[in-house]
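*Asks:* The structure is given below, and queries will be raised subsequently.
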Ligand code: COA
Ligand code: ZN
């Protein structure tokens, strides 16, 4: 396998995850979660979103959260925005990076942000203007890059034209999002083979959901194509309220454990992250999909059953 020496994880649990929680998570617990993630060494955190509070009531405290987190030097704190109003709010809240959202599927874009793709791109040009004026970098995410729960296939030529528009607006990075877990590893390879050479200098991120247990295989396929930035969410929280069937993102600690087991560095303290995942389970009041919290790390060992040790043959 072709593996990078190091990958960069962007934690999205407090945004993609908390946005769909049924009960309002108190602001201080959101702040605590962000601070714990940063303390565990997560290098990038998508803290929240600056969207309409009617669309996503759970994140209506975005400005308070941004104002009260402890800024760890070196950590990049970002937020998701759908339009220039969100960008202005995000910049006022001193985000280090703006993440934008548009879908590669017309139906999902209308369901998610009540705009056609063309209308969204006009808003995102205004976001780019705010970002340029304030020198805040933009990473542009594209929902349903690999398939849409309403339309099915998303033609790669269509995806490429959306990427092209966002790159022309000055995006530093592009996030390809598999919003409802429809991508498979062969498809991820095909899409990257086509897009990566056409947009030199772009930092590519893969944003996965583990809806059909293909998130880590898709990430492995993306690494084979040189991608080294991945979104993930603590405990496997996550889902889009406007995409039926969307379930959690790839679980941060499961992904980081897999990477470390293969010798790929992330700079994250996995034990601290597992503790954070336990705390997040307590905050949301239920168990989460992550496997590592249940199984322990690969080097966990159990005591032998009685009478077995004496019967193990000596190694020759
Ligand atoms: N932040 C806060 N408020 C915003 C806003 C933003 N970024 N953008 C718009 N609003 C407000 C408007 O001021 C207006 O408020 P009012 O009713 O008090 O006058 C209201 O929201 C409606 O604005 P409008 O421009 O007509 O938007 P809309 O109702 O068509 O909704 C979006 C469009 C994009 C604002 C909304 O669909 C949205 O926020 N979607 C986010 C979806 C999301 O986060 N999905 C999950 C992540 S992928
Ligand atoms: Zn997502």
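Numbering (the working numbering), first residue to last: 13 to 328. A virtual CB, placed ideally from N, CA and C, is assigned to each residue, including glycine. For clarity, every value in this text was computed on a predicted model and none was experimentally measured.
Does the region 62 to 73 come close enough to the region 293 to 305 that 3 or more CB-CB pairs lie under 8 Å?
*Replies:* no
*Asks:* How about residue 124 and residue 252: do their beta carbons lie closer than 9 Å?
*Replies:* Walking along the chain shown from the start, residue 124 turns up at place 112. Walking along the chain shown from the start, residue 252 turns up at place 240. Against a cut-off of 9 Å, the Cβ pair of residue 252 and residue 124 comes out as a contact.
*Asks:* Contact between the region 230 to 245 and the region 207 to 220: three or more CB pairs below 8 Å?
*Replies:* yes
*Asks:* Given 8 Å as the limit, tell me if residue 106 has its C-beta closer than that to any heavy atom belonging to the ligand COA.
*Replies:* Looking up residue 106 in the chain shown gives position 94. Closer than 8 Å to some heavy atom of the ligand COA: that does not describe the Cβ of residue 106.
*Asks:* Taking residue 230 as the reference, give the member of 134, 195 and 57 with the closest Cα.
*Replies:* The residue given as residue 230 occupies position 218 in the chain shown. Looking at the Cα atoms, 195 is the closest of the given residues.
*Asks:* Drop a sphere of 10 angstroms on the beta-carbon of residue 110, count the other beta-carbons inside from all chains shown, and report buried for 16 or more, exposed for fewer.
*Replies:* Here residue 110 refers to the residue found at position 98 of the chain shown. Its Cβ being crowded by 16 or more others within 10 Å, residue 110 is buried.
*Asks:* Return yes when at least one heavy atom of the ligand COA lies under 8 Å from the C-beta of residue 239, else no.
*Replies:* What you label residue 239 is simply residue 227 of the chain shown in a count that begins at 1. No - the ligand COA has no heavy atom lying nearer than 8 Å to the Cβ of residue 239.
*Asks:* For residue 110, which residues does DSSP report across the bridge?
*Replies:* Here residue 110 refers to the residue found at position 98 of the chain shown. DSSP output for residue 110 lists 91 and 150 as bridge partner(s).
*Asks:* Quick one: residues in its chain with C-beta nearer than 7 Å to the C-beta of residue 36, no 5 flanking neighbours on either side, listed in chain order?
*Replies:* For this step, residue 36 is matched to residue 24 along the chain shown. Excluding positions up to five away in sequence, the list reads 70.
*Asks:* Report back the beta-carbon spacing between residue 92 and residue 113 to the nearest angstrom; my notes put them in contact at under 8 Å.
*Replies:* Here residue 92 refers to the residue found at position 80 when the chain shown is read from its first residue. Here residue 113 refers to the residue found at position 101 when the chain shown is read from its first residue. With a Cβ gap of about 6 Å, residue 92 and residue 113 count as contacting.
*Asks:* So, residue 221 versus residue 191, is the Cβ gap smaller than 9 Å?
*Replies:* By one-based count along the chain shown, residue 221 stands at place 209. By one-based count along the chain shown, residue 191 stands at place 179. A contact, by the Cβ cut-off of 9 Å.
*Asks:* In angstroms with no decimal places, state the Cα-to-Cα distance between residue 232 and residue 304.
*Replies:* Here residue 232 corresponds to residue number 220 of the chain shown, with the count starting at 1. Here residue 304 corresponds to residue number 292 of the chain shown, with the count starting at 1. Rounded to the nearest angstrom, the two C-alpha atoms are 18 Å apart.
*Asks:* Is DSSP giving residue 157 helix, strand or coil here?
*Replies:* Here residue 157 corresponds to residue number 145 of the chain shown, with the count starting at 1. Coil.
*Asks:* With a floor of 4 residues, list each alpha helix (DSSP H) that falls wholly inside the region 255 to 324, ordered by position along the chain.
*Replies:* 264 to 273, 282 to 296 and 304 to 307
*Asks:* According to DSSP, is residue 129 part of a helix, a strand, or is it coil?
*Replies:* For this step, residue 129 is matched to residue 117 along the chain shown. Looking at residue 129 - three-state DSSP - the assignment turns out to be helix.
*Asks:* Look at the alpha carbon of residue 207 and the alpha carbon of residue 90, and state the distance between them as a whole number of angstroms.
*Replies:* Within the chain shown, numbered from 1, the residue matching residue 207 stands at position 195. Within the chain shown, numbered from 1, the residue matching residue 90 stands at position 78. Answer to the nearest angstrom: the Cα atoms are 25 Å apart.
*Asks:* If you draw a straight line from the C-alpha of residue 164 to the C-alpha of residue 182, how long is it?
*Replies:* To locate residue 164, count along the chain shown from 1; it is residue 152. To locate residue 182, count along the chain shown from 1; it is residue 170. Straight-line Cα distance between these residues: approximately 29 Å.
*Asks:* Going by DSSP, which residues form a beta bridge with residue 215?
*Replies:* The residue given as residue 215 occupies position 203 in the chain shown. Beta-bridge pairing links residue 215 to 185.
*Asks:* Enumerate in chain order the residues of its own chain whose CB-to-CB distance from residue 68 is below 8 Å, with the five nearest sequence positions on each side excluded.
*Replies:* Within the chain shown, residue 68 is the residue found at index 56, counting from 1. Contacts found: 31, 61 and 253.
*Asks:* Identify, in the order they occur along the chain, each residue of the same chain with its Cβ nearer than 6 Å to the Cβ of residue 248, setting aside the five sequence neighbours on each side.
*Replies:* Counted from its first residue, the chain shown places residue 248 at position 236. Within the same chain, residue 248 has close Cβ partners 260, 263, 300, 301 and 302.
*Asks:* Whole-angstrom Cβ separation of residue 159 and residue 166, contact assumed at under 8 Å?
*Replies:* Translated into the one-based positions of the chain shown, residue 159 becomes position 147. Translated into the one-based positions of the chain shown, residue 166 becomes position 154. Rounded, the Cβ-Cβ distance is 6 Å, consistent with contact.
*Asks:* Checking 9 Å against the spacing of the C-beta atoms, do residue 289 and residue 228 come in under that value?
*Replies:* Counting from 1 along the chain shown, the entry for residue 289 is found at position 277. Counting from 1 along the chain shown, the entry for residue 228 is found at position 216. Contact: no.
*Asks:* Per the DSSP calculation, residue 242 is bridged to which residue(s)?
*Replies:* The count along the chain shown starts at 1 and reaches residue 242 at position 230. Residue 242 pairs with 21 and 218.
*Asks:* Among 58, 42, 33 and 14, which one has its Cα closest to the Cα of residue 187?
*Replies:* Taking the chain shown and counting its residues from 1, the one referred to as residue 187 is at position 175. Comparing alpha-carbon positions, the option among 58, 42, 33 and 14 lying closest to residue 187 turns out to be 58.
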